[in-house]
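Accompanying notes for the structure given below.
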Amino acid sequence: MRWLPPSGPGLVVSPHLDDAVFGCGGWLASRPGSVVATVFAGVPDDPSRATDWDRRCGFTSAGEAVAVRLDEDRRALARLGAEPRWLAFTDSQYGQEPTRADVAQALRALLERENPRWLLLPLGLFHSDHRLVHEAAVDAFAGRGDGLDLVFWEDALYRGMPGVLQARLAELLAAGQVGTPLFDAPPNSATLAAKRKAVSAYASQLRAFGQHGVDDVDRPERYWRFAPPEQQP
Ligand SMILES: [Zn+2]
């Protein structure tokens, strides 16, 4: 068996409103009709609260932040020919972290509704929300036996931090998951331009990350598959 990159439209699971485009905007641009499901896209119980991060993004309340970020996401995905799905869990900055089981259940229901040909999931490199989505997605989707491709994307921005990717791969290997890099077709100029336009739609987040805070999105996207040693191609 050879592992080829999946083609055609599929489903990307994203922790926050920007991660999927930052980490796999090129992949999405070359597979129009795909769906991006963002897990932490909900408004907290107290929409008037204002966190440091939201203030740095130019917002005065969580309610305003989520409303604007949903609009940014909708416009970004349209530039890639993709469609959003928004789950109602709230970003960890709002202090209402869901359980792994709740997120897994919601992802299972999502999969049944969307019935995609492939799934792209975050490696879960750093942020607690990214890690939670990775673990819940593996709970929800692994071992389905329906031949559905599971591919993992390197969480953009975090993957460039010293040791972060290395530690995650070592952790997965210790758990019996052997990683194989998956090489997608090199992006063409139209794909790169579409990704850049999509990234620019997340204006509030770019403001908080600062001038060079998202330089990583211009580096080549990288993907992985994982399987126990006996199931390697
Ligand atoms: Zn994120």
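Numbering follows this note's numbering, in which position 218 of the sequence shown is assigned residue number 238; successive positions increment by one, without gaps. Backbone N, C-alpha and C define an ideal beta-carbon position, used for all residues, glycine too.
- In the structure shown, the three-state DSSP call for D169 is strand.
- Of the heavy atoms belonging to ligand 1, none sits nearer than 8 Å to the Cβ of H154.
- The Cβ atoms of A57 and A218 do not sit closer than 9 Å to each other.
- If you check the C-beta of D238 against ligand 1, you find no heavy atom less than 8 Å away.
- Restricting attention to R227, E241, V237, R239, the CA atom closest to the CA of D74 is found in R227.
- For V123, there is no enclosing beta strand (DSSP E); the enclosing alpha helix (DSSP H) covers residues 120 to 134.
- Here T80 is exposed: its Cβ has fewer than 16 other Cβ atoms, across all protein chains shown, within 10 Å.
- Per the Cβ contact rule, the segment 202 to 218 is not in contact with the segment 151 to 170 (fewer than 3 Cβ pairs under 8 Å).
- In this structure, DSSP gives S34 an extended state, which the three-state scheme calls strand.
- The three-state secondary structure of R179, taken from DSSP, is helix.
- The segment 188 to 202 makes contact with the segment 236 to 253; the number of CB pairs closer than 8 Å reaches 3 or more.
- Taking 9 Å as the cut-off, the Cβ atoms of F60 and A176 do not count as close.
- Straight-line spacing of the CA atoms in A98 and G163 works out to 32 Å.
- Judged by DSSP secondary structure, E103 falls within the beta strand (DSSP E) whose first and last residues are 103 to 106.
- Only residues of its own chain outside the window of five on either side were considered, and among them A82, T110, Y114, Q116 have a CB closer than 7 Å to the CB of P64, listed in chain order.
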